[in-house]
Amino acid sequence: MKYCNHCKVYIREEHDRCVLCENMLDEELNEKNEDVFPEIQPFYESHLALKIMMFISIVALVVSFGINMIFPSSINWPILFMFGVISIWVGLIIIVQKRYHIPKKILWQVIIISILAVFWDYKTGWRGWSLDYVIPIACVSAMIIMYVTAKIMNLSIRNYITYALLDGIFGIIPVLFIIFDLVNVVYPSIISIGFSIISLSAIFIFQGREMKGEINKRMHI
Amino acid sequence: MKMKEKKEKVEWEKLENASKIFPATSSNKDTKVYRISAELHKNVNPENLQRALDLTLESFPMYKSILRRGFFWYYFERSNISPKVEIESTNPCSAIYIEGKKNLLFRVSYYKKRINFELFHSLSDGAGAVWFLETLVFHYMKINYKVELGDSVPSLDPSASISQKMDDSFWKNYTSNMQDSKIKKAQYISAYIIKGKRIDENKMKVIEGAMSVEEVLNISREYGTSMTVFLTSLLVHSIYVDMPKNKRKKPIVISVPIDLRGYYNSSTARNFFTTINISYDFQNNSSNFKDIVKYVDKEFKKKLEEGNIDLKISRFMKIENNPVARIVPLIMKDLFMKIADKFNDKSISSSISNIGRIKTAKEFESYIKQFSICVSARAPKITFCSYKDRLVITFTSPYKETDIQRVFFQFLANKGIKIEITSNM
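Chains as they are written, first to last, in the working numbering: chain C, 1 to 221; chain G, 1 to 425.
So, in structure tokens, the structure goes:
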């Protein structure tokens, strides 16, 4: 052990300077010191890819606005481009944030994709493709993906059942599209509704008890 | 068959009163993780430690829980994850609870002669964690020194039933019939805040000073008080010495966690503590160390009266049971708790936590050198515990500066106490 003459304390580990007063320590008194704490390597988070993407997004936006100002066109395409970039970022952030919880992530993606599709459809002159195709297809594929990942990753029922339920409920929404005559092509909506009702009934019939337990747990006040 | 049926049912548990704040307020800067270490005389054998851990978990089923978010509250969900003993590879008190990540709320690691047990504060307080570590060390000793111990292997006294260990003692012991008028709200005071340069990556600087219990007790007696009061006063003094002159109008407030098991005869392995604040104002009081001790001693006695503790618990339980508060979605609760915590932080300068005397069977004493505890901190904090005659006082600090630590240990060294210092950086 080393001894600090200033602080009058013994230093157990291998230090050149006193931990308390930072004065130089004398040479070893007797037996050699053994470290008590390991050396922990600094943790470098590699955000480089993210930084490059961020940089490219900004450069691209500046360039597109610049070009539009120099060579004006009838449609304001840089704005659309900007929304495109924002859409990508929103999707990405959700993926990264919910990375530990796959069913939740899938459900969030369905919601994000639906909102973005409606927005884009509206901005590009409402041709109705978002309600016709995107929302119903997103709901059905989410249900399938959820089931498949749950099987592959060996998730227990309780880990995805709530999200499957929510997605099922979401998948019934196209009923409103048909009732209010908002869609031109009805097949995807019908498929989505049918699929949702079948999967919801499966959840309630086969997993009713788990579902109840799960709801009690998550909603306890 | 019966076992299988049981397994399918989801077991879950509400968080008890004190643990509710931790998930909402934990961050990379303050992870709400603490670490208790046992230092042996010989290097740790990882295989035997793993076996000991598996056995220990049998007595602490709560520790197999993961923390999840419900719509209104957090809850513990029993998992079937089996924890793995690993060589120490993270900084002391680095994050354990990460939102959405499904992992256990504790970690057991080893390095050379040390066994480290780190846990997220929602799971349990110091007393519960000590109990877990004592059991872990017991099993480890029994397995590792089987041959040497021979016939003299002691048997483990579980000292409480599994259900007693899982008790929500806040719920059991509070009384709601406290008169509102009796609940005199403590006035909010903004305390002196210790400033410093943060260490990179929000690492904690841990400085442990090991010394003799008897010698510190003797000095405490010289000042006519207990060890906790003496060390609290010394902390106040050390902060004062380091304090810039123009900040001296603000009081130094030390938060002291109090284990409630003794007050209410509980033996839970979950959280059951409250805190008292000891405030010292140098503008109206002398800076003489003897006067500080006298004042702190009086404050401790006043704050620890049973009625005051009862009051404190019922006040917190009242918030928890408020019907409006209960139906507020968790996202909002998180936000409110974060804000409340920020205010609370501004009213505390530092804290001192006494984990008490750690005990092992007599037969094992020759194999164990010491126990120590450190905790994630937003300002320099003290935690201490003792084993046999070895008292380990630990400063954990997010700052590079070590002036408070230096004044503190120099004071003790100048009283003739032999101190051995260990630090992680």
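Every residue, glycine too, gets a C-beta built ideally from N, C-alpha and C. Just so we're clear, the structure is a prediction, and the values are computed from it rather than from any experiment.
Keeping to the same chain, check which residues put their C-beta closer than 8 Å to that of residue i; ignore five residues upstream and five downstream.
| i | result |
| --- | --- |
| Ile-203/C | Ile-161, Ala-164, Leu-165, Gly-168, Met-211 |
| Phe-411/G | Leu-234, His-237, Ser-238 |
| Tyr-3/C | Val-9, Tyr-10, Ile-11, Leu-25, Asp-26, Leu-29 |
| Ile-327/G | Phe-72 |
Hey, could you find the ends of the beta strand (DSSP E) residue i is sitting in?
| i | result |
| --- | --- |
| Gly-262/G | Here Gly-262/G belongs to no beta strand (DSSP E); instead the alpha helix (DSSP H) covers 261–264. |
| Glu-13/G | 12–14 |
| Asn-354/G | 350–358 |
| Cys-4/C | 2–4 |
| Tyr-174/G | Segment: none, Tyr-174/G is in no beta strand (DSSP E) and carries neither H nor E. |
| Val-33/G | 33–40 |
| Val-9/C | 9–11 |
| Arg-69/G | 65–69 |
Is residue i buried or exposed, if buried means 16 or more other CB atoms sit within 10 Å of its CB?
| i | result |
| --- | --- |
| Ile-58/C | exposed |
| Leu-225/C | The requested residue 225/C does not occur in the structure, where chain C is confined to residues 1 to 221. |
| Phe-180/C | exposed |
| Met-143/C | buried |
| Ile-292/G | buried |
| Thr-124/C | exposed |
| His-41/G | exposed |
| Gly-307/G | exposed |
| Ile-81/G | exposed |
| Phe-170/C | buried |
| Met-211/G | buried |
| Thr-394/G | buried |
| Ile-368/G | buried |
| Glu-222/G | exposed |
| Trp-131/G | buried |
| Gly-128/G | buried |
| Ala-49/C | exposed |
| Lys-245/G | exposed |
| Phe-55/C | exposed |
| Arg-35/G | buried |
| Val-206/G | buried |
| Gly-209/G | buried |
| Lys-7/G | In this prediction, Lys-7/G scores a pLDDT of 45, lower than 50, which makes its location untrustworthy; no coordinate-derived value is stated. |
| Gly-416/G | exposed |
| Thr-232/G | buried |
| Pro-329/G | exposed |
| Asp-132/C | buried |
| Trp-184/C | The sequence given here has Asn at residue 184/C, not Trp. With fewer than 16 other Cβ atoms within 10 Å, it is exposed. |
Report all residues from its chain with a CB closer than 7 Å to the CB of residue i; omit the five preceding and five following residues, and keep chain order.
| i | result |
| --- | --- |
| Pro-78/C | Ser-64, Phe-65, Asn-68 |
| Ile-319/G | Ala-325 |
| Phe-195/C | Val-140, Met-143, Gly-171 |
| Lys-14/C | Looking at the sequence provided, one finds Glu at residue 14/C rather than Lys. Counting only Cβ-Cβ distances below 7 Å, and skipping sequence neighbours, we find Asn-33, Asp-35. |
| Ile-157/C | Gln-207, Glu-210 |
Along the alpha helix (DSSP H) that carries residue i, what are the first and last residues, could you check?
| i | result |
| --- | --- |
| Phe-282/G | Looking at the DSSP string, Phe-282/G is not in any alpha helix (DSSP H), and its letter there is neither H nor E. |
| Met-425/G | Unbroken run through Met-425/G: none, as it is neither H nor E. |
| Ser-201/C | 187–218 |
| Ser-314/G | 306–321 |
| Ser-220/G | 213–222 |
| Lys-449/G | Look at the range of chain G in this structure, 1 to 425, and you will see that residue 449/G is not part of it. |
| Ala-150/C | 135–152 |
| Ser-59/G | 46–59 |
| Tyr-512/G | One cannot answer for residue 512/G here, as it falls past the ends of chain G, which runs 1 to 425. |
| Phe-409/G | 403–414 |
Skipping 5 residues on each side, what residues in its chain have a beta carbon closer than 6 Å to that of residue i?
| i | result |
| --- | --- |
| His-6/C | Cys-21, Asn-23 |
| Ser-109/G | Glu-86, Glu-88, Asn-116 |
| Asp-297/G | Thr-225, Val-229 |
| Arg-51/G | Ile-143 |
| Leu-55/G | His-139 |
| Glu-401/G | Gly-196 |
Subject >> Ranges of the beta strand (DSSP E) found wholly within the region 71–130 of chain G, counting only runs of at least 3 >> reply: Counting whole runs of 3 or more residues, the region 71–130 of chain G contains the beta strand (DSSP E) stretches 74–78, 106–111, 114–120.
**OP:** Report yes or no: do the region 12–26 of chain G and the region 169–177 of chain C share at least 3 C-beta pairs separated by less than 8 Å?
**Re:** Short answer: they don't touch.
Subject >> Every unbroken beta strand (DSSP E) inside the region 337–401 of chain G [3 residues or more] >> reply: For the region 337–401 of chain G, whole beta strand (DSSP E) runs of length 3 or above, ordered along the chain, are 350–358, 368–375, 381–387, 390–397.
Subject >> Three or more C-beta pairs below 8 Å linking the region 188–202 of chain G and the region 412–424 of chain G >> reply: Using a C-beta cut-off of 8 Å, the region 188–202 of chain G makes no contact with the region 412–424 of chain G, since fewer than three inter-stretch Cβ pairs fall below that distance.
Original post:
Do the region 121–139 of chain G and the region 62–76 of chain G make contact, defined as three or more Cβ pairs closer than 8 Å?
Top reply: Contact holds between the region 121–139 of chain G and the region 62–76 of chain G, because three or more Cβ pairs, one in each stretch, are under 8 Å apart.
Subject >> the region 135–150 of chain G touching the region 278–294 of chain G, judged by at least three CB pairs closer than 8 Å >> reply: The region 135–150 of chain G, when compared against the region 278–294 of chain G, does not touch it at the 8 Å Cβ threshold.
**OP:** Give a yes or no on contact between the region 342–357 of chain G and the region 67–79 of chain G, applying the rule of three or more CB pairs nearer than 8 Å.
**Re:** Judged by Cβ distances under 8 Å, the region 342–357 of chain G makes no contact with the region 67–79 of chain G, as fewer than three pairs qualify.
Original post:
Should the region 206–220 of chain C be called in touch with the region 87–95 of chain G, which here means at least 3 C-beta pairs below 8 Å?
Top reply: The answer is no - the region 87–95 of chain G does not touch the region 206–220 of chain C, with fewer than three Cβ pairs under 8 Å.
Subject >> Segment contact flag, the region 357–366 of chain G with the region 148–160 of chain G, C-beta cutoff 8 Å, min 3 pairs >> reply: With the cut-off at 8 Å, the region 357–366 of chain G and the region 148–160 of chain G touch.
Subject >> Every unbroken alpha helix (DSSP H) inside the region 16–98 of chain C [4 residues or more] >> reply: Assignment of alpha helix (DSSP H) within the region 16–98 of chain C, counting only whole runs of 4 or more residues, yields 48–70, 77–97 in chain order.
Subject >> At least three beta-carbon pairs within less than 8 Å, the region 266–277 of chain G to the region 157–170 of chain G >> reply: The region 266–277 of chain G is in contact with the region 157–170 of chain G.
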